[in-house]
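Student: Chains as they are written, first to last, in full-length UniProt numbering: chain A, 1 to 509; chain B, 1 to 373. All C-beta atoms in this analysis are idealised placements derived from N, C-alpha and C, irrespective of residue type, glycine included. Remember, it's a predicted structure, so these values are computed and weren't measured experimentally. Got a structure here, written out as C-alpha cells. Questions coming.
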Amino acid sequence: MSGAGTTGEAVLQARDVAKSYGNVQALKGVNFDVHRGQVTTLFGENGAGKSTLMKILSGVIRPTSGEILLDGRPVAFHSTTEARDLGISIIHQELSLAPNLSVRDNIFMGREITTATGVDYAEEERQTRALMEELEEDIDPLTPVEDLRLGQQQVVEIARALSVNARILIMDEPTSALSASEVEVLFKVIRDLKARGVSIVYISHHLEEALQITDHAVVLRDGTMTARAPRSEIDLEWIVRNMVGENFDLGSPPEGHAIGDVALKIDGLSVPDASATGRSAVDGLSLELRAGEIVCLYGLMGAGRTEMLECIAGRLPKSGGRVLLEGRELGRASIAERIARGLVLVPEDRQRDGLVQTMSVGENLSLASIGAFTRGLFTSRKRERDLVDTSIRNVTIKTDGGQAAIGSLSGGNQQKVVIGKMLATNPRVVMLDEPSRGIDIGAKAEVFRLLAEGAQRGLAVIYSTSEVGECLSIAHRIIVMRRGKISAEFGPDATKEQIMAASGEAVVA
Amino acid sequence: MSNSNIGVIAMTDTGTIHKRARGLFGNGFDLGRLLLEGRAFFALIAIIITFSMLSPFYFSTGNFLIMASHVAIFGLLAVGMMLVILTGGIDLSVGSTLGLAGVVAGFLMQGVTLEGLGVALYPPVWVVVILTCAVGALVGLVNGVLIAVFKVPAFVATLGLLYVARGVALLMTDGLTYNNLGGKPELGNTGFDWLGFNRVFDVPIGVLVLAAVALGASLLLNRTAFGRWVYSTGGNARAAELSGVPVKRVTVLVYVLSGICAAIAGLVLSSQLTSAGPTAGTTYELTAIAAVVIGGAALTGGRGNIRGTLLGAFVIGFLSDGLVIIGVSSYWQTVFTGAVIVLAVLLNSIQYSHRRPSSAAKPKTSATQGSKA
Ligand SMILES: Nc1ncnc2c1ncn2[C@@H]1O[C@H](COP(=O)(O)OP(=O)(O)OP(=O)(O)O)[C@@H](O)[C@H]1O
Ligand SMILES: [Mg+2]
Chain A
1 MSGAGTTGEA VLQARDVAKS YGNVQALKGV NFDVHRGQVT TLFGENGAGK
51 STLMKILSGV IRPTSGEILL DGRPVAFHST TEARDLGISI IHQELSLAPN
101 LSVRDNIFMG REITTATGVD YAEEERQTRA LMEELEEDID PLTPVEDLRL
151 GQQQVVEIAR ALSVNARILI MDEPTSALSA SEVEVLFKVI RDLKARGVSI
201 VYISHHLEEA LQITDHAVVL RDGTMTARAP RSEIDLEWIV RNMVGENFDL
251 GSPPEGHAIG DVALKIDGLS VPDASATGRS AVDGLSLELR AGEIVCLYGL
301 MGAGRTEMLE CIAGRLPKSG GRVLLEGREL GRASIAERIA RGLVLVPEDR
351 QRDGLVQTMS VGENLSLASI GAFTRGLFTS RKRERDLVDT SIRNVTIKTD
401 GGQAAIGSLS GGNQQKVVIG KMLATNPRVV MLDEPSRGID IGAKAEVFRL
451 LAEGAQRGLA VIYSTSEVGE CLSIAHRIIV MRRGKISAEF GPDATKEQIM
501 AASGEAVVA
Chain B
1 MSNSNIGVIA MTDTGTIHKR ARGLFGNGFD LGRLLLEGRA FFALIAIIIT
51 FSMLSPFYFS TGNFLIMASH VAIFGLLAVG MMLVILTGGI DLSVGSTLGL
101 AGVVAGFLMQ GVTLEGLGVA LYPPVWVVVI LTCAVGALVG LVNGVLIAVF
151 KVPAFVATLG LLYVARGVAL LMTDGLTYNN LGGKPELGNT GFDWLGFNRV
201 FDVPIGVLVL AAVALGASLL LNRTAFGRWV YSTGGNARAA ELSGVPVKRV
251 TVLVYVLSGI CAAIAGLVLS SQLTSAGPTA GTTYELTAIA AVVIGGAALT
301 GGRGNIRGTL LGAFVIGFLS DGLVIIGVSS YWQTVFTGAV IVLAVLLNSI
351 QYSHRRPSSA AKPKTSATQG SKA
C-alpha cells in the first residue's frame, strides 16, 4: 500500500465495500481513496467493477456491505441527489440525458434556477453558454439533445456534472466518444478544477491518455483492488501488467495474404446534413475498399464519418452518388437486404442503435443472424445456442451466459455484444464505427485479431476511429476525413502527427 | 442555485420510500419477488377461492366452462392486442373490429344478392369465416400502414379506426341485429354453430379456438424469426432496424394479426349468441388491454408473453363473472375491475424498475429524479 496518504489526504473513502448482484460478485471488499485536490484514476478490465464502485460512491446504488467515509465520517447516500448535495457529482459511462429536452434543460434538470416568478431560463441559458465556452464546444443551449452527435452529447454530460460545482467529481469514461483535441480541452478543465481543490476520479480505457492526467493510479481486477501507486512510480506497462496479468501489444496490420478485388466502391457519395438544411455531411466522397483490406477512417467529430457509414449501411438516404457492393449497385436496398448481401455496420451509439435492452445477451447476439438458425418455419434452439456461445467466446464477453440480461453487463461487455452480433452474420464487408468505445485493451486486441483473421479470409474492413494509435496498429490504409471529404490518405507507415494534421486537429505533444 | 436545502428534504423522503421498497422486493430470491412474478396466477387462484367461498355455484365444472367461454372472447382479443403491445403499439380498434366482423358474417349468412345477375349466393360457412377474417385483416392493414408508413401515432390511428369500423357496422345493418345465423341445409350454409355455440366433449368451441390461437401465437413468438422481430421492434426499433429487422413490415403485420384475432372473436361471439349486432364488443378493447397488462406485459413494448396474457384474460373474466354470480351490482363490478387493473400496472412498474439495472441510468429515471428534487 505504498503512496497512500503521502500526498493529499483522502476526502472520500470506500472501506471494505462489496456488492453482489444475485450470485455475481461485482466487488469483493474494496478499499478505495479519493485524494483531495488530485486525480485518482481507476484502471481495470471490462467488468472489473469500476463503474459499480463509482455508482456506490455517488449514491446510484448501495453496497451489499462496507461503508463510505466522507471527510472521515461514515455516510450513507440513498440517492444521487443526496450525494450531489454533499458535493459529489458523477459523469456516467452510459449517457443519462433526456433526448427530447434541450441542452440547457438537461444541464439544469432537477436543479432548475428559480426566481419568484418561475424558472429563470435566461440565467440558465447564460450559464450553459459559459460552460460550452469553457469546454470550447460550439453547441447552442436550446438544441434538443437528440439532434447532437454522440460526442457532443458526451460534452453536455460533462457540462452537467461541472455545473454542479461539486467538490468531488467522478468521471466514468468521459472521453470515450471525444476526439483528441476535445480530450485536451477536458484535461485543461480538469487541471483548473484541481487547482480549485476539486478531487477527481477518472476512468478510461485510453491508458496513455489517462496517464497524462493521473496523480494516483488504482487497478481493479475481478472486483478486488490489485495495485495502487502514485503517478511517479508507474508507467503504461505497470498498468497493463496489473490489469490483465501479462503484457500486451496491439500488434500490427495483418500481412502475407493477397488483397482481392474491390469489395465496396463508393462513388461521389453525398449525404445531407441532418442538422442544417442545404449542407452536406458527406460531400461527393469516393472510396474503394478491397477484399482482405483493413482501412481506417480517421477524423474529428463532425467530419462526416458516421453519416457516411450509416448511409452505406442503408440507414441514411443519400443525396447523390453510388454505392457498389462487389460490383453491383445497392440503390435503395433495405438494411436487411444489405446485411443479407454481406454488408454490415457496427453502429457508434450502443445504447441507441446497438442493443435491445429488453432482450437477453443471447437474443441480442443472434438478432442479426436469425436466418442462420432457422430451419423451415422454426428457429433451432440448439443452433442458436451454438451461435451465441461461439460469439461470446470470440469477442470474450464476460457474462453468466446467453440468458443474462443485457443490462447486467458492464459497459465494455455491452459494446462487445454489438460487435459480436454483426460479426456473427458472416459479413463480406464490415464497417465499424468507433467500435473500441469502452472496451479494454485485451478485448481490443481480441477484436483486432478477429478482424485480421477475417481479412486473411477476404473480409473487407472499414474501421472508423478517433484514436490515431488504433489506426497504426490495424490498418493497411488510413483515410483521413475532414468536413465530409477525404483530406489525406496514408499507408501503415505514417506518423501520428501526419494523420492528426490532415484531420485539421491541432497536434498536441 | 440556492435550492440545495429543498433538495435534501425532498430526497430524504424518496430515499426512505426507496429503501422500504427494496426491503420488500429486495435482491435475490424472496417471497415478494415470487408473488410479483406469478401475480396473475396467484390473483386467479385468489379469485377462485374467494368466490367459491361466497357462492356455492361458482366452483363447478359447468360454471367454469361457461366462464371460460366468456374468457375466450377477451382472450382472443388480448392475444392480438399483446402482439401489438409487444412492438410498443396499441390497438384501440379491436372492439369495433369484433362488432364489424360479426355483422359481416351475419350479412353473408343472409345470402348475397348479385344485382346484375339476379341471383342470390349463399356462401358456405368456411367461406364466411375466411371473408370475415379478411375484413379483420383489412382493418389491421389500414392501421398498420397508417402507423408504419405514414407515422401516425398508434393511439390516434387505431382510435380513428375504432370509429370507422363501428360506423361501417352500423351502416351495414342500419343499427339492427342479424338473428338468423343458422343457415339452411338446402342452401348448404349450415354449421355456424360450430364456431362458438357448440361443444366438443362438453368444452365450448370458443375455448378450443382460443387455445388454438394462443398456441399458434406462442409458437410464433418463441420459435420463429418473426417472434424475435416483434420483441426487438418493441425493445428498440432503431437497433432492430440496424440489425436487419424489417421493422415496418413487422409493425404492419402485428396490426393485421390483431385485426384477424378480433374477427375470429367476432365470429365466436356471434356464434355463441346466435346473433350479430353492430354494437357488439363496445369497449372490449379496454378489457383486452387490461388483460395484457395484468399478464405482465409492458405497455412500452418488448416484454410480455402469451401465458401471462391468457392468465390476465382469465383473471378479468373470472372476476367479473364471479361478481355477477354473487350478485354485486354492476356499478361495483366496474369499480372492482378498475382497481384490479391499476393494481396490476402498479406491480408491473415495481417489477420493471427492479429488473432494469440502475446502471443504464435511463433518461426517464433521471427525469423523474429531477422532478422530485
Ligand atoms: N445490474 C447488474 N446485474 C447483474 N450484474 C451486474 C449488474 N451491474 C453490473 N454487473 C456485473 O458486475 C461486474 C462489474 O461491472 P462494472 O460495470 O462495474 O464493470 P466495469 O469495470 O465498469 O467495466 P467496463 O470497463 O466494461 O465499464 C460485471 O461482471 C457485471 O456483469
Ligand atoms: Mg464501466
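Taking A/HIS35 as part of the beta strand (DSSP E), name the residues at either end of that continuous run.
Tutor: In the first sequence, the residue the question calls residue 35 of chain A occupies position 35. Element bounds for A/HIS35: 24-35.
Student: Assuming contact is defined by CB atoms lying nearer than 8 Å, are residue 388 of chain B and B/SER258 in contact in what I supplied?
Tutor: Outside the displayed range of chain B (1 to 373) lies residue 388 of chain B, so it cannot be described from this structure.
Student: Answer yes or no: the CB of A/VAL64 versus the heavy atoms of ligand 1, is any distance below 7 Å?
Tutor: Locating residue 64 of chain A in the first sequence gives position 64, counting from the first residue. Here residue 64 of chain A is Thr; the residue named in the question, Val, does not match the sequence. No, the Cβ of A/THR64 stays beyond 7 Å of every heavy atom of ligand 1.
Student: Considering only heavy atoms of ligand 2, does any lie closer than 7 Å to the CB of A/LYS318?
Tutor: In the first sequence, residue 318 of chain A corresponds to position 318, counting from 1. No, Cβ of A/LYS318 sits at least 7 Å from all heavy atoms of ligand 2.
Student: Using the rule of at least 16 other Cβ atoms within 10 Å of the residue's Cβ for burial, across every protein chain shown, is A/MET481 buried or exposed?
Tutor: As a working note, residue 481 of chain A is residue 481 in the first sequence. With 16 or more Cβ atoms within 10 Å of its Cβ, A/MET481 is classed as buried.
Student: Please compile the residues from chain B whose C-beta is within a distance smaller than 9 Å of the C-beta of A/LEU355.
Tutor: Within the first sequence, residue 355 of chain A is the residue found at index 355, counting from 1. GLY235, ASN236, ALA239, listed in chain order.
Student: Which whole runs of the beta strand (DSSP E) in the stretch 103-160 of chain B are 3 residues long or more, in chain order?
Tutor: Fully enclosed beta strand (DSSP E) runs of 3 or longer: 112-114, 119-121.
Student: What I want to know is whether the C-beta of B/VAL135 ends up closer than 7 Å to one or more non-hydrogen atoms of ligand 1.
Tutor: Within the second sequence, the letter at position 135 stands for residue 135 of chain B. No.
Student: Could you check what DSSP says for A/THR115 in three-state terms: helix, strand or coil?
Tutor: Your numbering for residue 115 of chain A matches position 115 in the first sequence. It is a strand residue.
Student: Round the Cβ separation of A/VAL295 and A/ARG477 to the nearest angstrom and send it over; I've been treating them as touching at under 8 Å.
Tutor: The sequence position of residue 295 of chain A within the first sequence is 295, counting from 1. The sequence position of residue 477 of chain A within the first sequence is 477, counting from 1. 5 Å between Cβ atoms; contact.
Student: Could you give the DSSP three-state label for residue 513 of chain A: helix, strand or coil?
Tutor: Outside the displayed range of chain A (1 to 509) lies residue 513 of chain A, so it cannot be described from this structure.
Student: Check this for me: beta carbons of A/VAL361 and A/GLY412, under 8 Å apart or not?
Tutor: On the first sequence, position 361 is the one that residue 361 of chain A refers to. On the first sequence, position 412 is the one that residue 412 of chain A refers to. No, the pair does not count as a contact, with Cβ atoms beyond the cut-off.
Student: Just the Cα atoms here: how many angstroms apart are A/GLU9 and A/GLY197?
Tutor: As a position in the first sequence, residue 9 of chain A is number 9, starting the count at 1. As a position in the first sequence, residue 197 of chain A is number 197, starting the count at 1. For A/GLU9 and A/GLY197, the distance between alpha carbons rounds to 12 Å.
Student: Give a yes or no on contact between the stretch 314-329 of chain A and the stretch 491-499 of chain A, applying the rule of three or more CB pairs nearer than 8 Å.
Tutor: Short answer: they don't touch.
Student: Determine the direct distance from the alpha carbon of A/PRO427 to that of B/CYS261, and round the result to whole angstroms.
Tutor: Taking the second sequence and counting its residues from 1, the one referred to as residue 261 of chain B is at position 261. Taking the first sequence and counting its residues from 1, the one referred to as residue 427 of chain A is at position 427. Looking at the two C-alpha atoms, the distance is approximately 39 Å.
Student: Count Cβ pairs between the stretch 318-333 of chain B and the stretch 49-61 of chain B that sit closer than 8 Å; are there 3 or more?
Tutor: Output reads yes: the stretch 49-61 of chain B touches the stretch 318-333 of chain B.
Student: Determine which residues of the stretch 212-225 of chain B have a Cβ less than 9 Å from any Cβ of chain A, and write them out in chain order.
Tutor: For the stretch 212-225 of chain B, which is checked against every Cβ of chain A, the residues closer than 9 Å are LEU219, ASN222, ARG223, THR224, ALA225.
Student: Secondary structure at A/ASP261, three-state DSSP: helix, strand or coil?
Tutor: Your numbering for residue 261 of chain A matches position 261 in the first sequence. It is coil, neither helix nor strand.
Student: Threshold first: 4 residues or longer. Then list the alpha helix (DSSP H) segments lying entirely within the stretch 315-375 of chain A, N to C.
Tutor: If we require 4 residues or more, the alpha helix (DSSP H) runs fully inside the stretch 315-375 of chain A come out as 335-340, 361-366.
Student: Which chain A residues sit within Cβ distance under 7 Å of B/ARG303?
Tutor: By 1-based counting over the second sequence, the position of residue 303 of chain B is 303. Under the 7 Å cutoff, chain A gives THR358.
Student: So which residues on chain B does A/ILE316 lean against when the C-beta distance must stay under 7 Å?
Tutor: For the purposes of this step, residue 316 of chain A is taken as the residue at position 316 of the first sequence. Note that residue 316 of chain A is Leu in the sequence shown, not Ile. Neighbours of A/LEU316 on chain B: none; closest Cβ ~11 Å, over 7 Å.
Student: For a contact meaning CB atoms closer than 7 Å, what does A/THR379 contact in chain B?
Tutor: Here residue 379 of chain A corresponds to residue number 379 of the first sequence, with the count starting at 1. Chain B residues near A/THR379: ARG223, THR224, ALA225.
Student: Is A/GLN93 a contact residue of ligand 4, with contact defined as CB to any heavy atom under 7 Å?
Tutor: What this structure holds is ligand 1 and ligand 2, not ligand 4.
Student: Hey, would you say the C-beta of A/ALA26 is under 7 Å away from at least one heavy atom of ligand 1?
Tutor: What you label residue 26 of chain A is simply residue 26 of the first sequence in a count that begins at 1. A/ALA26 Cβ: within cutoff of ligand 1.
Student: Enumerate in chain order the residues of its own chain whose CB-to-CB distance from B/GLY144 is below 8 Å, with the five nearest sequence positions on each side excluded.
Tutor: On the second sequence, position 144 is the one that residue 144 of chain B refers to. Taken in chain order, the residues that qualify are THR251, VAL252, LEU253, VAL254, TYR255, VAL256.
Student: What is the DSSP secondary structure of B/ASN27, counted as helix, strand or coil?
Tutor: As a first step, residue 27 of chain B must be located in the second sequence, where it is residue number 27. Any reading at B/ASN27 needs caution, since the residue's pLDDT is 40, under 50, leaving its predicted position unreliable; the model's value is listed next. Coil, per DSSP.
Student: Taking the straight line between their C-alpha atoms, what separation do you get for A/GLN357 and B/ASP193?
Tutor: In the first sequence, counting from the first residue as 1, residue 357 of chain A sits at position 357. In the second sequence, counting from the first residue as 1, residue 193 of chain B sits at position 193. So the two alpha carbons sit approximately 46 Å from each other.
Student: Using a Cβ cut-off of 8 Å, pull out every chain B residue sitting near A/SER334, in sequence order please.
Tutor: Position 334 of the first sequence, counted from the first residue, corresponds to residue 334 of chain A. PRO246, listed in chain order.
Student: Please determine whether the Cβ atom of A/LYS50 lies at a distance below 7 Å from any heavy atom of ligand 1.
Tutor: Counting from 1 along the first sequence, the entry for residue 50 of chain A is found at position 50. For ligand 1, at least one heavy atom lies less than 7 Å from the Cβ of A/LYS50.
Student: Does B/LEU311 have its Cβ less than 8 Å from a Cβ in chain A?
Tutor: For this step, residue 311 of chain B is matched to residue 311 along the second sequence. It does not; no Cβ of chain A falls within 8 Å.
Student: For B/SER232, which residues in chain A fall below 7 Å Cβ to Cβ?
Tutor: One-based indexing of the second sequence puts residue 232 of chain B at position 232. Simply VAL356, MET359, LEU367.
Student: Starting from the beta carbon of A/LEU345, find every residue of chain B whose beta carbon is closer than 7 Å, and list them in chain order.
Tutor: Residue numbering aside, residue 345 of chain A sits at position 345 when the first sequence is read from its first letter. Ordered by position in chain B, the residues that pass the 7 Å Cβ test against A/LEU345 are LEU242.
Student: Which whole-angstrom value is the C-beta distance of A/MET422 and A/VAL430, which I expect to be below 8 Å?
Tutor: Within the first sequence, numbered from 1, the residue matching residue 422 of chain A stands at position 422. Within the first sequence, numbered from 1, the residue matching residue 430 of chain A stands at position 430. Going by Cβ atoms, the distance from A/MET422 to A/VAL430 rounds to 7 Å, so yes, they are a contact pair.
Student: Please confirm whether any heavy atom of ligand 2 lies closer than 7 Å to the CB of A/SER408.
Tutor: By one-based count along the first sequence, residue 408 of chain A stands at place 408. A/SER408: no, Cβ never under 7 Å from ligand 2.
Student: Could you tell me which of A/TYR463, A/SER473, A/ASN46, A/ASP493 sits nearest to A/VAL240, measuring between CA atoms?
Tutor: Here the question's residue 240 of chain A lines up with position 240 in the first sequence. Ranking the options by Cα distance to A/VAL240, first place goes to A/ASN46.
Student: With a threshold of 8 Å between beta carbons, is B/ASN27 in contact with chain A?
Tutor: Position 27 of the second sequence, counted from the start, is the residue given in the question as residue 27 of chain B. Low confidence applies to B/ASN27: its pLDDT is 40, below 50, so where it sits in the model is not reliable enough to give any reading.
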